[in-house]
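Visitor: My questions will all concern the structure given below.
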Amino acid sequence: MSPELQLVGFSETLDWRSMEFVDLNPLMSCSLCSVVPKVTVVLECCHALCELCYENVFQSERRCPLDGEGFEESQTNRLVLTTTQIAKRKVRCCSFKDGCDFVGAIEDMKQHFFSECEFHAVICKRCNLKVLRKDIVEHCKEQCQPRGYSSDRSSHDVVNAAFEMGKKLDASLEAITDRLCAIEGQLNGHAEHIGEAKDGVASNTVALKKFLEHQERLTAHGDFGTVNDKLFSIVRQMEELATSIDIRKYVATGVTLADGECTAEGVISSESGNARVAKDGDTGSVQGLHGGDKCEAEDVTSKGKDIAKVIPEISERVSSMEKLLGEMQPVIRLRNNMFCYHIQNFDDIEKEALTEKKVNRHSSVFVAFGYSVKLSLCIAECDGVMYLGVYLYICQSSRDSLLKWPFTLPYTVMLVHPTDEKKNIECRIDVFQKISTCGGCFSRPDASGNNGYGAPKLCKLQGARKEGFIYGNSVTVGVRFL
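Under the numbering used here, residues 914 to 1395 are what the sequence shown spells out, in order.
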């Protein structure tokens, strides 16, 4: 059964009459006051409001009164219903509650209701009951009973009955008073618990604010600068380790293995503490190695094989760790609302992009205005041209339940020039305009994270090199929140 609705602004005779529509779109009526106006405003949650209800909601907290979903004016749609359109809608007769089963267009129903309907109801003046007009004569003749009071009981009986009723009322009131007292005691107990809960919430709120402030401070330049120095120190130490463990140098100046035998070519003698390389004519040294010192030669051969196996593995691990640490460049906060991500080894990234056609490099997750985010550099080919793109990703964090969703902070992604800030290439992202088409990028993220949103063609790779954005085999991208 359809709900009863009331027209507003369409007809002087039918406005504000309760009607039951048969084929009206629910978005054409107000979900709150049940009127059918000329204009309805459809919220993002698919509830429709008349202009009066919408203005009252919009000027207060901008949340749908039915489900509590927040909205902005840019996210709403307005539907217009003309007099011609409403005239074609089918409705039941306004007297459908009294038994009329007429169904037709509004104009036809109007003609029927005022000229033909036999189910208009009136009030009987004798008994004050609602009776159909067509049945009023028969009602008065056969069914109508004038309302009055008559009794065969004496006045004494009436007084006794009233006295008994009074005693029952006193007992009932006493029981009600006792129950009210018990309820009052329970309410007082609940009030104490609520006070304790409020104190707990207040203390947790203070602790949470301190935690968020601490998280914000961790993104400051000073903190990350310390971590950055430590990382670069580790890289330098690994470079020294890699230099000291050079396989080719060791083999060239040490032991040479061939067919499982140990030769004296290049063997270093350290008898007198000075290095001495054996010559081809130094037969004494050769004979000593192959003759009396055969056991020592075999031992050298065995150790040489072990070193030849171990050193490549060490060198490979050093290279892998250097690459990993090279990618762990932190995000540096330059100002309160600007963050930069410095990417090294750009030549290697460019070579990878030329092969794979698309390469991404992501920063570590950092906190901006309470939200966990990360920056990403993308190098991709489009129509035979390589472009640099910058994206911002919204990441999941333990603070998400305390934040406002969807993410609505406008921001600007940029390619940062190393020497001249005025040359920065920037692209502003107006989040409000993008939510309707790319809402998944700004909604509350799950464990898998959201897709990033930014500028895929911020700058051509060739132009970035020409303008000096790639300096010292590195490039810097950034984001500024507005």
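Virtual Cβ for every residue (Gly too), placed ideally from N, Cα, C.
Note that the structure is predicted; figures quoted are calculated from it, not measured.
#1: What is the DSSP secondary structure of ASN1101, reduced to helix, strand or coil?
#2: My understanding is that MET941 touches LEU979, with C-beta atoms under 8 angstroms, so please give their C-beta distance in whole angstroms.
#3: With DSSP as the reference, identify every bridge partner of CYS990, one or two as the case may be.
#4: Could you tell me if ILE1342 is buried or exposed, where buried requires 16 or more neighbouring beta carbons within 10 angstroms of its beta carbon?
#5: How would you label CYS1094, buried or exposed, when you count the other beta carbons within 10 angstroms and need 16 or more for buried?
#6: Taking only three categories from DSSP, how would you classify THR1325?
#7: Tell me whether the segment 945-960 and the segment 1020-1027 touch, counting them as touching only if at least three CB pairs, one residue from each stretch, are closer than 8 angstroms.
#8: Got a sec, what are the start and stop residues for the alpha helix (DSSP H) ARG1046 sits in?
#9: For GLN1346, report the span of its alpha helix (DSSP H) as first-last.
#10: Can GLY1353 and ASN1364 be called in contact, C-beta distance under 9 angstroms?
#11: Would LEU879 and CYS946 be called neighbours here (beta carbons separated by less than 9 angstroms)?
#12: Look at LEU1290 and VAL1388 and say whether their C-beta atoms are less than 9 angstroms apart.
#13: In angstroms with no decimal places, state the Cα-to-Cα distance between PHE1026 and THR997.
#14: What is the DSSP secondary structure of ALA1171, reduced to helix, strand or coil?
#15: Identify, in the order they occur along the chain, each residue of the same chain with its Cβ nearer than 7 angstroms to the Cβ of GLU1380, setting aside the five sequence neighbours on each side.
#16: Secondary structure at ASN1273, three-state DSSP: helix, strand or coil?
#17: To which residues of the same chain is PHE984 closer than 8 angstroms at the C-beta, ignoring the five residues directly before and after it?
#18: At which residues does the alpha helix (DSSP H) containing ALA1000 begin and terminate?
#19: Assign GLY1079 to one of two classes, buried (16 or more other C-beta atoms within 10 Å of its C-beta) or exposed (fewer than that).
#20: Can you have a look at LEU918 and say buried or exposed, based on whether 16 or more other CB atoms are within 10 angstroms of its CB?
#21: Report yes if the C-beta distance between GLY1376 and GLY1302 is below 9 angstroms; otherwise report no.
#22: Could you give the residue range of the beta strand (DSSP E) that holds SER931?
#23: For the alpha helix (DSSP H) holding TYR967, just list the boundary residues, first then last.
#24: Suppose you measure from the CA of VAL1286 to the CA of TYR967; what does that come to, to the nearest Å?
#25: Keeping to the same chain, check which residues put their C-beta closer than 6 angstroms to that of TYR1304; ignore five residues upstream and five downstream.
#26: Between TYR1300 and PRO1369, how many whole angstroms is the CB-CB distance? I'm expecting something under 8 angstroms.
#27: By the DSSP assignment, the alpha helix (DSSP H) with GLY1376 in it spans what residues?
#28: Have a look at the DSSP bridge pairing and note the partners of GLY1391.
#29: With distances taken Cα to Cα, identify the nearest neighbour of LEU1328 among ARG1046, PHE1382, CYS1006 and GLU1051.
#30: Does the Cβ of GLU925 have 16 or more other Cβ atoms within 10 Å, making it buried, or fewer, making it exposed?
#31: Please determine whether the Cβ atom of GLY1302 lies at a distance below 8 angstroms from any heavy atom of the ligand ADP.
#32: Looking only at its own chain, which residues have a Cβ that is under 7 angstroms from the Cβ of VAL970, when we skip the five neighbours before and after it?
#33: With a threshold of 16 other CB atoms inside 10 Å of the CB of GLY1061, please say whether the residue is buried or exposed.
#34: For PHE1015, name the three-state secondary structure that DSSP assigns.
#35: If you compare alpha carbons, which of ALA1034, HIS1255, GLU933 and GLU1029 is closest to TYR1384?
#36: What residues in its chain sit with their C-beta under 7 angstroms from that of ILE879, if we drop five residues either side in the sequence?
Guide: Once the coordinates are examined:
#1: helix
#2: Going by Cβ atoms, the distance from MET941 to LEU979 rounds to 17 angstroms, so no, they are not a contact pair.
#3: The residue asked about is misnamed: residue 990 is Asn in this sequence, not Cys. ASN990 pairs with VAL955.
#4: buried
#5: exposed
#6: strand
#7: no
#8: Neither: ARG1046 is in no alpha helix (DSSP H) and is coded neither H nor E.
#9: 1344-1351
#10: yes
#11: In this structure the chain extends from 914 to 1395, so residue 879 is not present and cannot be described.
#12: yes
#13: 20 angstroms
#14: Unreliable positioning characterises ALA1171 in this predicted model, as indicated by a pLDDT of 41, which lies under 50. A coordinate reading is not provided.
#15: LYS1336
#16: strand
#17: LEU956, GLU957, CYS958, ARG975, ARG976 and CYS977
#18: 996-1000
#19: exposed
#20: buried
#21: no
#22: 931-933
#23: 964-971
#24: 35 angstroms
#25: SER1289, GLY1365 and GLY1367
#26: 7 angstroms
#27: 1374-1379
#28: CYS1253 and MET1327
#29: PHE1382
#30: exposed
#31: The ligand ADP is absent from the structure shown, which contains no ligand whatsoever.
#32: LEU962 and PRO978
#33: In this prediction, GLY1061 has a pLDDT of 49, which is less than 50 and means its spatial position is unreliable; what the coordinates show is noted afterwards. GLY1061 should be labelled exposed.
#34: coil
#35: HIS1255
#36: Not covered by the structure: residue 879. The range shown for the chain is 914 to 1395.
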